[in-house]
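**Q**
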Amino acid sequence: MNILDKIIADKFKEVELKKALIPVSQLEKSVLFERKCVSLAENLKIGSGIIAEHKRRSPSKSVINQSLNVQDVSSGYENAGASGISVLTDGKYFGGSLEDLLYARASVNIPILRKEFMIDEYQVLEAKAHGADAILLIAAVLTEKQMTYLADSAKKLGMDVLLEIHNEEELQKSLKVNADMIGVNNRNLKTFEVDIANSKKLSALIPDEFVKVSESGISNTVAIADLKNYGFKGFLIGENFMKTDDPGAAATKFIKQLKSIA
Ligand SMILES: O=P(O)(O)OC[C@@H](O)[C@@H](O)c1c[nH]c2ccccc12
């Protein structure tokens with residue numbers, strides 16, 4: 001079994017357990033359920049385009065940074081001029097939690113993406129109840145029908161949808177889904193190989209109604225200037241910031257440099 005299949009198998013078990021412990025009616029009682037979401041897709045069009053990620057560890061890199069707290073990282077990213085923040089909530093493989101999402105929400109006003117392996121509507125409700133403005137759907141692990149259902153349920157709650165693809169086949173099955181953004185993952189989640197050329201290759205095939213996002217392996221501003229020429233408006237960056245002692249400062253420096261070459 002590849003790592004992605006393992007993560008998904010574990011996720012099914014986790015969601016079943018959670019459903020039994022915390023009913024949907026309780027999620028809907030969260031004060032955050034009434035909060036009006038801020039559109040990540042719209043924010044990408046008007047700002048720096050950087051979606052800065054809070055990621056403690058990953059299956060590909062093991063530990064990235066375990067010593068920071070999510071409030072400092074999130075407010076650091078917001079002050080740096082990020083257009084949005086991505087918060088990993090998977091515990092087993094990425095060291096994140098829904099609590100991280102809550103604390104991030106309490107620390108910033110910019111849109112927050114719940115970075116999770118979504119397989120069930122229950123997780124969409126959880127995202128809303130913990131202050132997310134957007135959810136991620138990964139085409140590699142979902143059918144067209146599942147993506148349609150999950151996207152529609154997120155849209156009903158006022159959240160944006162970032163649909164992640166890695167190849168042309170995944171793009172084709174995603175085109176009818178009600179997503180706001182299509183993200184090209186430069187990392188193959190099955191092999192962990194990273195290649196930014198993947199974004200460039202697939203860009204022309206993505207219809208204009210979707211905001212284009214390039215994800216993973218981005219470590220310099222020249223790569224972004226290049227990706228902008230291919231129509232990308234959003235750039236998801238995790239490790240490059242998180243591997244430093246001060247991700248907010250790293251993001252500040254990065255975004256300043258980005259502006260200077262624009
Ligand atoms: O740390 P990086 O290489 O900058 O990548 C960030 C982000 O794109 C990556 O964490 C990611 C992209 N898609 C995912 C799906 C699940 C978990 C994580 C991811």
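So in full-length UniProt numbering, spot 74 of the sequence shown is number 74, and the numbers just go up one at a time.
Every residue gets a Cβ at the ideal spot worked out from N, C-alpha and C, and that includes glycine.
1) Is the Cβ-Cβ distance between M232 and S214 less than 8 Å?
2) Flag this pair as yes or no: are the beta carbons of L202 and E168 separated by less than 8 Å?
3) For L171, which residues in the same chain have their Cβ closer than 8 Å to its Cβ, ignoring the five residues on either side in sequence?
4) Can you tell me where the beta strand (DSSP E) with V87 in it begins and where it stops?
5) Any heavy atom of ligand 1 closer than 7 Å to the Cβ of K92?
6) Return the chain-ordered list of same chain residues with a C-beta closer than 7 Å to the C-beta of K257, the five sequence neighbours on each side being excluded.
7) Measuring CA to CA, which of S62, E193, D246, L157 is closest to K71?
8) Between the alpha carbons of V184 and T252, how many angstroms are there, rounded?
9) Please determine whether the Cβ atom of R57 lies at a distance below 7 Å from any heavy atom of ligand 1.
10) Determine the DSSP secondary structure at L101, reduced to helix, strand or coil.
11) Is it the case that the CB of G217 approaches a heavy atom of ligand 1 more closely than 7 Å?
12) With distances taken from CA atoms, which of L157, E239, S216 is nearest E28?
**A** To lay it out plainly:
1) Note that residue 232 is Phe in the sequence shown here, rather than Met. Contact: yes.
2) yes
3) A139, I165, I182, L202, L205, I206
4) 84-88
5) no
6) Here the sequence assigns Gln to residue 257, which means Lys is not the residue at that position. Excluding positions up to five away in sequence, the list reads T221.
7) One detail in the question is off: residue 71 reads as Gln in this sequence, not Lys. That would be D246, whose Cα lies nearest to the Cα of Q71.
8) 24 Å
9) no
10) helix
11) yes
12) L157
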